[in-house]
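Written out below as structure tokens is the structure these notes cover.
Residue numbers (the working numbering): 796 to 1170.
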């Protein structure tokens, strides 16, 4: 909606939403026969999530080159789940767990943008966000086994951001963004000593700060060189970790430790070419820095450099209802590098050699596809 406020243009946005999701699942014990065989059921659960909320936003051009914007979002989430747990060997009912939780979250934001030309923007923004636990988080106890975890709270954050986006000329575009995010009750996933599973806990407070840099250069029509770099420094500010050993918790102060599973440096470089005939392709190189996978910061995933390539073709046609055809072939991890795709946050109670914390990334993989546009 467009309007006028104090003689200056005002844009208003209003939206409401509602969604409902049902979930039912059964987990089975793995038979370990290399044929995806299964033994008796471990647990059966059925639950639902209801979300309802609204979002409003106002953008006011109070001066010819300045825009003040403010928004407010609200969401009410209702979680309900019942779970029946069975003995690993007997298959009989061993326990039951249920969760009925209600979360109310508000997310305001305000920003000020200076746009002296069509090709340049500079902004400052203060915003907030939130995250709610999943049904699985609420039905996995701190022992890592099926059970209630009703002590979990939703996480919240406040973000401060300063940024710029400038097109220096027809060929070169540059962007730079700095951010500082303050988390409260961040949802942290951890594994339990003995391999009984993972559970989710709240870290009282943590901070993420860093910057993002992006560059795009188009020396000739169709040819694009682009790069992006992200730096993140993530620290626990106030977090007492609870390490579970045989169902008994030991408190460990992790204040000042680096938040695990956060890559401190990521660099991406891409060269792409698209010809007027519809043929095109790109080569992408990504460097991922090493990162910690435990709260005590004694175990790291190794850094990796990965190369992906792509070739594609796009053609506009007039074949009855068909209007265009797109095809592609893509190769990921071209040199078949073995590296850690992600890490499971592990307990700090055992020697590093005994920890199973790493999940391998996919090996060399080839994909292809075709898209047909109709009407």
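Every residue, glycine too, gets a C-beta built ideally from N, C-alpha and C.
Given the structure is predicted, the values throughout are model-derived calculations rather than measurements.
Boundaries (first-last residue) of the beta strand (DSSP E) holding residue i
| i | result |
| --- | --- |
| residue 1070 | That residue, residue 1070, is in no beta strand (DSSP E); it is neither H nor E in DSSP. |
| residue 1138 | 1135–1138 |
| residue 1155 | 1153–1155 |
| residue 1123 | 1117–1127 |
| residue 822 | 803–825 |
| residue 1053 | Note, residue 1053: premise wrong, no beta strand (DSSP E); not H, not E. |
| residue 1169 | 1160–1169 |
| residue 798 | 797–800 |
C-beta atoms of residue i and residue j nearer than 8 Å
| i | j | result |
| --- | --- | --- |
| residue 1030 | residue 1001 | yes |
| residue 892 | residue 937 | no |
| residue 881 | residue 935 | no |
| residue 949 | residue 923 | no |
| residue 1061 | residue 1080 | no |
| residue 877 | residue 803 | no |
| residue 798 | residue 850 | no |
| residue 1055 | residue 1089 | yes |
| residue 961 | residue 1023 | no |
| residue 1017 | residue 1050 | no |
| residue 1098 | residue 1085 | yes |
| residue 1167 | residue 1104 | no |
| residue 1019 | residue 1067 | yes |
| residue 963 | residue 932 | no |
| residue 1005 | residue 1025 | yes |
Contact with chain D by residue i, beta-carbon distance below 8 Å
| i | result |
| --- | --- |
| residue 872 | The structure shown has no chain D; it contains just one protein chain. |
Selection from the options that minimises the alpha carbon distance to residue i
| i | options | result |
| --- | --- | --- |
| residue 897 | 878, 914, 872, 910 | 872 |
| residue 862 | 906, 1057, 1164, 813 | 906 |
| residue 1152 | 1168, 1162, 1134, 1159 | 1134 |
| residue 888 | 839, 909, 1011, 916 | 839 |
| residue 823 | 833, 815, 816, 814 | 833 |
| residue 868 | 1047, 900, 1053 | 900 |
| residue 920 | 1138, 911, 864 | 864 |
| residue 910 | 902, 890, 858, 1071 | 858 |
| residue 841 | 875, 1003, 1160 | 875 |
| residue 1162 | 1124, 1047, 1023, 925 | 1124 |
| residue 944 | 1113, 953, 929 | 929 |
| residue 958 | 951, 946, 973, 1136 | 973 |
| residue 902 | 1037, 954, 966, 895 | 954 |
| residue 1128 | 1164, 1082, 1112 | 1082 |
| residue 927 | 1004, 965, 913, 844 | 844 |
| residue 821 | 854, 835, 1115 | 835 |
| residue 1013 | 968, 998, 1028 | 968 |
| residue 1065 | 1009, 939, 1057, 806 | 1009 |
| residue 860 | 854, 966, 912, 830 | 912 |
Residue i, buried or exposed, once every other Cβ within 10 Å from all chains shown has been counted against 16
| i | result |
| --- | --- |
| residue 818 | exposed |
| residue 1140 | buried |
| residue 1155 | exposed |
| residue 1170 | exposed |
| residue 946 | exposed |
| residue 978 | buried |
| residue 744 | Because the chain spans 796 through 1170 in this model, residue 744 falls outside it and cannot be assessed. |
| residue 837 | buried |
| residue 1034 | buried |
| residue 952 | buried |
| residue 976 | buried |
| residue 758 | Outside the displayed range of the chain (796 to 1170) lies residue 758, so it cannot be described from this structure. |
| residue 1160 | exposed |
> What are the complete beta strand (DSSP E) segments, minimum 3 residues, inside the stretch 954–1021?
Replying inline: 967–986, 993–1015
> Can you list, in chain order, the stretches of the alpha helix (DSSP H) that have 4 or more residues and sit fully within the stretch 855–939?
Replying inline: 930–933
> Which runs of the beta strand (DSSP E), 3 residues or longer, sit entirely within the stretch 1058–1115?
Replying inline: 1060–1069, 1074–1083, 1099–1114
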